[in-house]
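Written out below as C-alpha cells is the structure these notes cover.
Protein chains: 2
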Amino acid sequence: MIPVPDRVTVSPRPAEEDPLTASIRDVAGHAGVSVGTVSNVLNRPEAVSPATRERVQAAIAALGFVRNESARHLRAGRSRVIGLIVLDIANPFFTDLARGVEEVANAAGLAVILCNSDGQPAKEAAHLEVLTEQRVQGVLITPTPELSAEIDTLRTRGTPVVLVDRRANGPDQCALAVDDVLGGRLAADHLLEAGHERIAFIGGTGGLPQLRERYEGVVAAVRDHTADQDALTVLTPAGLTVAGGREAASRLLGLPAGRRPTAAICANDLLALGVLQEMVRQGVRVPEEFAIVGYDDIDYAAAAAVPLTSVRKPRHELGRRAAELLLDEAAGGDGEHPHVHQQLVFSPELVVRESSTVRHRRAATT
Amino acid sequence: MIPVPDRVTVSPRPAEEDPLTASIRDVAGHAGVSVGTVSNVLNRPEAVSPATRERVQAAIAALGFVRNESARHLRAGRSRVIGLIVLDIANPFFTDLARGVEEVANAAGLAVILCNSDGQPAKEAAHLEVLTEQRVQGVLITPTPELSAEIDTLRTRGTPVVLVDRRANGPDQCALAVDDVLGGRLAADHLLEAGHERIAFIGGTGGLPQLRERYEGVVAAVRDHTADQDALTVLTPAGLTVAGGREAASRLLGLPAGRRPTAAICANDLLALGVLQEMVRQGVRVPEEFAIVGYDDIDYAAAAAVPLTSVRKPRHELGRRAAELLLDEAAGGDGEHPHVHQQLVFSPELVVRESSTVRHRRAATT
DNA sequence: ACAGCCAGCTGAAACGTTTCAGCGCTGCCA
DNA sequence: TGGCAGCGCTGAAACGTTTCAGCTGGCTGT
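Taken in order, these protein sequences are the chains called A and B.
Residue 24 in the working numbering is what sits at position 24 of the first sequence, and the numbering runs on without skipping anything.
Residue 597 in the working numbering is what sits at position 231 of the second sequence, and the numbering runs on without skipping anything.
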C-alpha cells in the first residue's frame, strides 16, 4: 500500500516573488497561467494566443525573469555552449582564430568557453574534463602533439570534436588543416631563389606535426635546389615565442662566419620577431646581412622593426569554418543532408615584405 | 478523486547501461548502492567506508561516468563558471589579462567564458544576457564607456560583477583600475624633459574614461611645463588599432612642418605601432625626427621596428587580482571575514626604449 | 442537433544531481 | 541488559525547465 497524501501543496517557495531569481513558476503565477504556457511563450510563441502572450511577457518583464540555462539544458539534453582549446592564447594567430569561432557561435546563440592549454597535455586534459562536465555541444581543439585519449573518450560519448590547424588521423572526424609542407616550400623557394645558400630552419623537427610539415617542405625545397648537405641548419628553440626566437638568433650568431646561414625560416611569427629583434640588437642588418621569413602572418609581422615576410594562413576563415563544421556535426547535418566528416586543407600563401628582400626591391607594406 | 497508478515503475531507462552518458543512477546500480552514496563518494568521500568507496569508484571508472554540471548546478544553486568580457580580444593587453584570470579561476576549479565586446554596447549586452542565462558565479568586465543598465541588473540579481581596468562609480562594488592620469603624466614629462615642445596625443579626449584620464595627465604635464597653447595636438583615431595609428600618423604628416608635433603619446601600443609603421614608411626617422611613446607595454612594444617606449600596466596581475576579488565576493568572503568591496588602483610605470630616446642614450631592450 | 475537430491551455513527468531525514546495526557505557 | 550514540547507508524531495497527453469550449459541417 502506497501512502497517498490527501492534498499536495506545490508551493514550497514563498508566495512573495523573489526578484533575485524569478523562476518560470513565478512568472506563471504572476500572469495567471500555467508553467507550460510560459514555456510555450518562450519557445513557441505562435502557439499561444496574443492576449495570453502579452500577459506573460509583461510578467516576465515585471519580474526580470531570465531563463535558467542549466535547467533548460538538463531537460533538453543539449547545452548551448561550445569549447575551444588553443595552444597559446598569447599568440595572435589563435585570437584571430577565436574571433572567427565566436562570430559563428554567437550567431547561432551559443557561448564559447575559451581555454588555453599552453601546449601542456595535462592542462589540455583538465580543460577537456571541465568541458565534458559542462556537457558542451562540441569542442574545437588545436591539440598538443599526441592526440590524447581524452579526445577519443569525448567522441565516444557522442560529443563532436573538430581538430583545428591539424590533420585528422582518419576519415571519421572533422579537421581543418593548412598545407604546411607547401608553406615551408614557399618560404624556402623564396629564399633560395634570392640566392641564399645556407638557410636556418628555426622550429625543430619534432613536436607538433604542423611544425614537422613546415620542416619537410623546407627540406624538400632545399634538396631540389642544391646537393649541399650543409645548406640547411635546424635549430630547436626553447619555446615558440619571441624569447625563443631571440635565443635561437644568438645561437646562430655564435656559429663561425663561414658556416653561418644567411637567412632563417621561422616556424611562426613570434619566433621571427624574436630573431629580428636579436639581430637588430647585435647590429646585424636585416635583410642585407640576414633575411628572415616568418609563419602565420599575424598583424604584428607587418608592423615589425623590418616588416616581416611571412607565410599567411587564413586564421579567421579557419575559425569560422571550424565552428560551422562543429555546429553541423552537432546538429547531425543541415536538415536535408546528414553530417559528413570533412577534412579541409587550406593553402597558405607567401606575403613578401622587407625582411627577405633587398631594399631596392622593396615590397609595398600592407 | 485523484487517480493513483497501482504500481509505479521507476526505471524508464533500459537496464542496459548506456555508455554514452552514464548517470549517477547507473553507477549506483552497477556498484549496488544508492545514488546518495555515489554522491557522497563524489563530494564527501570521507563519509563513505573504504570498501564501498572503492566499489563505487570502480563502477565510475567502468562506466566512464562524468558528473553533469548542469544538474549539479541546478540543485546546488551555483554554477562553476565565471564570465570575462573584454573590449578587444585581439589586443594582447587583454589576452595577458585573460591569462591571469584563467590561472586563478582554474585553480579554483572554475571555467571561464571569455567574451569579446569589441567595444560595442550591443555585443556587451548580448554577452551579459548569455552569462545571466548561464547563471555564472560572477562576471569580470572591462565595460564600454557607458556602464550599461544590464550590469546593474546583474548585480541586483546577486551576481558579483568586478570592473577591470575601470574605476567604480561608488564604493558598493569591486573595481581594479590603473592610475592613468599618472601614466599620461609620466609619458608627457618624459618627452618634455627630452626637449620636445610640440606633442601629439593620439587617442581622443572622450570615449573610454581610461583614455580620458591619460589625456588629462598629459594635459596637466604640458601645462606645468609651458604656457604655449599649441604645445598639445589631439588626434582622435578611427579605432584603437594598428590601422588607426597609421591613419593618425599620416594626418600628422599632413600638418605644416612648423606646426607639426615632434613626438606622440599614443593611448595604447597598437596605435603606437601603427604610428611607428607609417613614420618609417614615410621615411621619418624615429626617434631622431619623431619620438613615440605607447601605452600598456604589450610584448610587441619591445619587438617593434624601433623598440617602443611605453607605459607599463600590470596586466597579468590585474587579471589575477580581479579573479581573486570576484571569487572572494562570490564566496561571501574568505570564511573568517565577510567580503568587502575594494577599489584597487595600480600605478603604471614608464619603460623607456629607443622610440623616444636618441640613439646614444639607447636603453637596453628587455 | 450532434459528432468531430481544433485552438489554447493545464498539469505532471522527467532530466541528473545534492541534500537531508531517518533507519538499522554495532559497540560502549551505566 | 538496556539505552544510546554514531556510523554507514537509503530513499525521496527539490532545483527550473521542457514536453506531452489530455481537458475544455467554441466552431464547422452535415
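Don't be surprised by glycine CBs; every beta carbon is placed ideally from N, CA and C.
On a predicted model such as this, the values are computed, not experimentally measured, just so you know.
Euclidean distance between Cα positions of residue i and residue j
i      : j      : result
B:L548 : B:R578 : 12 angstroms
A:M1   : B:R410 : The predicted model places A:M1 with a pLDDT of 32, which falls under 50 and marks its position as unreliable; any figure quoted below should be read in that light. Distance between the alpha carbons of A:M1 and B:R410: 35 angstroms.
B:L529 : A:P209 : 41 angstroms
B:G698 : B:Q503 : 12 angstroms
B:D523 : B:L506 : For clarity, residue 523 of chain B is Arg in the given sequence; the question names Asp instead. The alpha-carbon atoms of B:R523 and B:L506 are separated by roughly 16 angstroms.
B:P537 : B:H707 : 7 angstroms
A:R353 : B:S616 : 21 angstroms
A:D88  : B:R687 : 22 angstroms
B:A586 : B:A560 : 17 angstroms
A:A168 : A:N268 : 22 angstroms
B:L692 : B:P511 : 21 angstroms
A:A71  : B:V470 : 27 angstroms
B:L480 : A:L114 : 6 angstroms
A:Q173 : A:V35  : 41 angstroms
B:H591 : B:L558 : 7 angstroms
B:D739 : B:G573 : A question about residue 739 of chain B goes unanswered here, because the residues of chain B that appear run from 367 up to 732.
B:A696 : A:A177 : 41 angstroms
A:R80  : A:V112 : 9 angstroms
A:G77  : A:G83  : 17 angstroms
A:R75  : A:N68  : 11 angstroms
A:T9   : A:R166 : Low confidence applies to A:T9: its pLDDT is 32, below 50, so where it sits in the model is not reliable, and the reading given next is rough at best. Looking at the two C-alpha atoms, the distance is approximately 57 angstroms.
A:A188 : A:A243 : 23 angstroms
A:R25  : A:Q57  : 14 angstroms
A:I151 : B:G475 : 20 angstroms
A:T159 : A:V130 : 13 angstroms
A:Q120 : A:E46  : 50 angstroms
A:L344 : A:R214 : 18 angstroms
Member of the options whose CA lies at the smallest distance from the CA of residue i
i      : options                        : result
A:R185 : A:R223, A:E54, A:Q342, A:L74   : A:R223
A:V311 : A:V280, A:A302, A:I60, A:L350  : A:L350
A:R53  : A:V112, A:C266, A:R320, A:N40  : A:N40
A:A107 : B:H493, B:A615, B:A473, B:T519 : B:H493
A:R135 : B:I664, B:L637, B:A388, B:A671 : B:A388
A:S148 : A:T37, A:E124, A:E133          : A:E124
B:H759 : B:S415, B:G402, B:I426         : Any question about residue 759 of chain B goes unanswered here, given that chain B covers just 367 to 732.
A:I85  : A:S34, A:E317, A:A122, A:P237  : A:A122
A:G274 : A:N68, A:R198, A:I202          : A:I202
B:K679 : B:Y666, B:V608, B:A417, B:F712 : B:F712
A:Y300 : B:L637, B:E563, B:G475, B:T498 : B:L637
B:L520 : B:E499, B:R532, B:D531, B:I565 : B:E499
A:V280 : B:N434, B:P673, B:E655         : B:P673
B:E613 : B:T628, B:A630, B:E644         : B:E644
A:H196 : A:V33, A:H73, A:P287, A:D297   : A:P287
A:H337 : A:D328, A:Q343, A:A175         : A:D328
A:T263 : A:V218, A:P50, A:D118          : Residue identity check: residue 263 of chain A is Ala in the sequence provided, not Thr. Selected option, being the one with the closest Cα: A:V218.
A:T241 : A:Y295, A:A175, A:H339         : A:Y295
Beta-carbon neighbours of residue i, restricted to chain B and to distances below 8 angstroms
i      : result
A:P92  : A456, P458
A:G319 : The premise fails here: A:G319 is roughly 12 angstroms from chain B at the closest Cβ pair, so nothing lies under 8 angstroms.
A:T132 : V432
Partners in chain B for residue i, counting only beta-carbon separations shorter than 7 angstroms
i      : result
A:T21  : R523
A:L114 : L480
Under 7 angstroms from the C-beta of residue i: neighbouring residues of chain A
i      : result
B:F396 : Rather than Phe, the amino acid found at residue 396 of chain B in this sequence is His. Simply none; closest approach about 17 angstroms.
B:E468 : N116
Contact belief for residue i with residue j at Cβ below 8 angstroms, rounded distance in angstroms
i      : j      : result
B:L463 : B:G605 : Not a contact, Cβ separation roughly 19 angstroms.
B:F459 : B:R681 : 5 angstroms
A:A323 : A:G100 : 7 angstroms
B:A456 : A:T142 : The Cβ separation is near 18 angstroms, so there is no contact.
A:I265 : A:V284 : Contact doesn't hold; Cβ gap of about 17 angstroms is too wide.
B:R564 : B:P603 : With 8 angstroms as the limit, B:R564 and B:P603 do not qualify as a contact, their Cβ atoms being about 19 angstroms apart.
Closer than 8 angstroms at the beta carbon, the chain A residues around residue i
i      : result
B:H439 : S70
B:G485 : Chain A residues near B:G485: none, gap ~14 angstroms exceeds 8 angstroms.
B:D462 : A90
Listed by chain order, chain B residues near residue i by CB distance under 9 angstroms
i      : result
A:V242 : D665, Y666, A668, A669
CB of residue i within 8 angstroms of CB of residue j, strictly
i      : j      : result
B:S722 : B:A657 : yes
A:R259 : A:D230 : yes
B:V393 : B:L429 : yes
A:A200 : A:L235 : yes
A:Q282 : A:L253 : yes
A:E317 : B:N482 : no
B:D545 : B:P416 : no
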